[in-house]
């Protein structure tokens, strides 16, 4: 690996860590009907293997999940309607307990097919394929765009402040503070990986 390649990979890795740790920018998709928690629940019910979902909850919550799992297995055998209702009950229980364990509120199961923006699907694809190249390219581009835009805003505000009065000066200070906080946030986030869930907002299609 050349020094240039190593440097590029390190920079991309730092940017990736930073973006994944920025509150409000990412979606917690664990409560979606097409999210990883519900998918694990579907596999568990299909195979009768509760361990597939126990990994999504804390050890102290295992008894409740095991009990809900056994109830669901028993009820879903009755008929198609009972199967649908019992499965939904188990999905709700599992997601609620999972989110509680992460310190996140539960607001109900979300429909499949939500617009999660490009980052989360790209992250899932990277995990499935074992390659982070496409993900790093996406996030590096998005971050570079955000930095350039904010830098240009503060640069213009600084130039205007030199020619204007207090009002222009205040606009520069506002742009300066925003830019510095943004850059420092990226750096700190890269040093301290994210934990738990973030605020949920649909359509987070970009990172700025």
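Numbering (the working numbering), first residue to last: 333 to 540.
By construction, the Cβ of each residue, glycine as well, lies at the ideal position given by its N, Cα and C atoms.
Query, Result
"If you reduce the DSSP assignment to three classes, tell me which class residue 442 lands in.", "strand"
"Is the distance from the Cβ of residue 400 to the Cβ of residue 423 below 8 Å?", "no"
"Report the partner residues of residue 364 according to the DSSP bridge assignment.", "442"
"If the criterion is Cβ atoms closer than 8 Å, does the pair residue 476 and residue 467 meet it?", "no"
"Residue range of the alpha helix (DSSP H) that residue 433 falls in?", "412-433"
"For residue 366, which residues from the same chain have a beta carbon less than 6 Å from its beta carbon, with the 5 sequence-adjacent residues on both sides left out?", "444"
"Which of the three DSSP states is assigned to residue 409 in this structure?", "coil"
"Closest to residue 472 by C-alpha separation, out of 490, 484, 459 and 451, would be which residue?", "451"
"Using the C-alpha atoms, what's the distance from residue 514 back to residue 407?", "52 Å"
"Residue 372 to residue 418, Cα distance in whole Å?", "16 Å"
"Closer than 8 Å by C-beta to residue 337: which residues in its own chain qualify, once you throw out the five before and the five after it? Chain order, please.", "Bear in mind that the predicted position of residue 337 carries a pLDDT of just 45, short of 50, making it too unreliable to give a figure here."
"Do residue 459 and residue 426 have their CB atoms nearer than 8 Å?", "no"
"Evaluate residue 524 with the Cβ neighbour count: other Cβ atoms within 10 Å of its Cβ, from every protein chain shown; 16 or more gives buried, anything less gives exposed.", "exposed"
"Among 518, 519, 482 and 449, whose alpha-carbon lies nearest the alpha-carbon of residue 504?", "482"
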